[in-house]
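Enquirer: Could you have a look at this structure, given as structure tokens, before my questions?
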Amino acid sequence: FVGSETLPSKPAMLELNHEVKTADENQDVEVKKNNRTDQIGKDTVSQNKKDDVVKTITVMGEKKYEAREKHNVLKLLMQKVKLIEMNLSVLEDSVKEMNEKQPEVSLEMKRTLMLVEKSKAEIREITNWKGKMEKELRDLELWKTLVVSRVESLARGNNALRLDVEKIEREHANLESKEVGVLLISLFFVVLATIRLVSTRLWAFLGMSSTDKVRS
Numbered sequence: 056f057v058g059s060e061t062l063p064s065k066p067a068m069l070e071l072n073h074e075v076k077t078a079d080e081n082q083d084v085e086v087k088k089n090n091r092t093d094q095i096g097k098d099t100v101s102q103n104k105k106d107d108v109v110k111t112i113t114v115m116g117e118k119k120y121e122a123r124e125k126h127n128v129l130k131l132l133m134q135k136v137k138l139i140e141m142n143l144s145v146l147e148d149s150v151k152e153m154n155e156k157q158p159e160v161s162l163e164m165k166r167t168l169m170l171v172e173k174s175k176a177e178i179r180e181i182t183n184w185k186g187k188m189e190k191e192l193r194d195l196e197l198w199k200t201l202v203v204s205r206v207e208s209l210a211r212g213n214n215a216l217r218l219d220v221e222k223i224e225r226e227h228a229n230l231e232s233k234e235v236g237v238l239l240i241s242l243f244f245v246v247l248a249t250i251r252l253v254s255t256r257l258w259a260f261l262g263m264s265s266t267d268k269v270r271s
């Protein structure tokens with residue numbers, strides 16, 4: 056068997072897990088801070104779209120944190136698997152040697168070999184699980200890429216929408232200016248026509264009064 060000094064002690068493993076988890080949490084805090092700083096810099100017109108983008112980025116941060124946790128656990132498991140494989144290899148060689156030298160303990164050795172085979176089956180299961188985890192990590196990276204692309208597309212759409220709104224506001228302001236101008240011109244002509252009508256009637260009235268005086 057491989058000497059026990061090659062296996063990490065339980066306190067050392069706990070300390071390693073604590074250090075890895077602390078480093079990942081610090082990195083995750085930095086990522087979330089960067090995400091919040093980047094998000095504050097965006098100028099969006101639609102509040103609903105802005106909420107969707109924030110939720111999407113939050114989900115991305117959580118998925119990335121979970122992926123790091125799984126990756127760290129996977130690394131520790133693979134280290135243990137390597138140590139187990141070394142011990143099993145030495146154990147198997149020792150068992151075979153003892154079977155050759157001591158036939159009387161063959162039954163016990165068979166049990167030991169059965170345990171070895173069982174351990175190998177467990178190792179194969181762990182290896183398969185490792186493959187599945189790697190596939191999930193790849194799928195997560197692909198999903199993250201798609202989400203980032205969608206967020207960028209939403210940002211471009213928001214910018215285009217803002218430009219359209221500004222253009223519509225300018226056109227509306229121009230239309231209002233033109234309407235005011237037309238209204239003022241119309242009012243001017245109405246006042247002018249009213250003055251002309253009043254003056255015409257006034258002159259007609261004055262003319263009739265003068266004629267009545269001459270006749271009298």
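With this note's numbering applied, the sequence shown covers 56 to 271.
Note that beta-carbon positions come from the ideal geometry of N, C-alpha and C, so glycine has one too.
1. For the putative contact between serine 174 and leucine 132, defined by C-beta atoms under 8 Å, what is the C-beta separation to the nearest angstrom?
2. Given a cut-off of 8 Å, decide if lysine 125 and methionine 188 are closer than it, judged by their beta-carbon atoms.
3. Which same chain residues, not among the five before or five after glutamate 147, have their C-beta less than 7 Å away from its C-beta?
4. I think glutamate 140 touches isoleucine 178, with their Cβ atoms under 8 Å apart; what is that distance to the nearest whole Å?
5. Cα separation between serine 254 and arginine 225?
6. Determine the closest residue to serine 149 out of Thr167, Arg251, Gly186, with distance taken between C-alpha atoms.
7. Mind checking whether leucine 201 and alanine 122 have CB atoms under 8 Å apart?
8. Can the beta-carbon of lysine 185 be found closer than 8 Å to that of leucine 129?
9. Could you check the C-alpha separation between aspartate 219 and alanine 210 for me, to the nearest Å?
10. Give the straight-line distance between the Cα atoms of leucine 216 and isoleucine 240, rounded to the nearest whole angstrom.
Expert: Here's the rundown:
1. Along the sequence shown, one-based indexing puts residue 174 at 119. Along the sequence shown, one-based indexing puts residue 132 at 77. The pair is not a contact, with the Cβ atoms about 14 Å apart (cut-off 8 Å).
2. Taking the sequence shown and counting its residues from 1, one reaches residue 188 at position 133. Taking the sequence shown and counting its residues from 1, one reaches residue 125 at position 70. Yes. Within cutoff.
3. Within the sequence shown, the letter at position 92 stands for residue 147. The residues are Val171.
4. If you number the sequence shown from 1, residue 140 lands on position 85. If you number the sequence shown from 1, residue 178 lands on position 123. That pair is a contact at about 7 Å.
5. Counting from 1 along the sequence shown, the entry for residue 254 is found at position 199. Counting from 1 along the sequence shown, the entry for residue 225 is found at position 170. Their backbone Cα atoms lie some 43 Å apart in a straight line.
6. Against the sequence shown, residue 149 aligns to sequence position 94. From the listed residues Thr167, Arg251, Gly186, the smallest Cα separation to serine 149 is found for Thr167.
7. On the sequence shown, residue 201 is found 146 positions in, with the first residue counted as 1. On the sequence shown, residue 122 is found 67 positions in, with the first residue counted as 1. Not closer than 8 Å, so no.
8. Along the sequence shown, one-based indexing puts residue 185 at 130. Along the sequence shown, one-based indexing puts residue 129 at 74. Yes, they are a contact pair.
9. For the purposes of this step, residue 219 is taken as the residue at position 164 of the sequence shown. For the purposes of this step, residue 210 is taken as the residue at position 155 of the sequence shown. Cα to Cα, the separation comes out at about 14 Å.
10. Translated into positions along the sequence shown, residue 216 becomes position 161. Translated into positions along the sequence shown, residue 240 becomes position 185. Roughly 36 Å between the two C-alpha positions.
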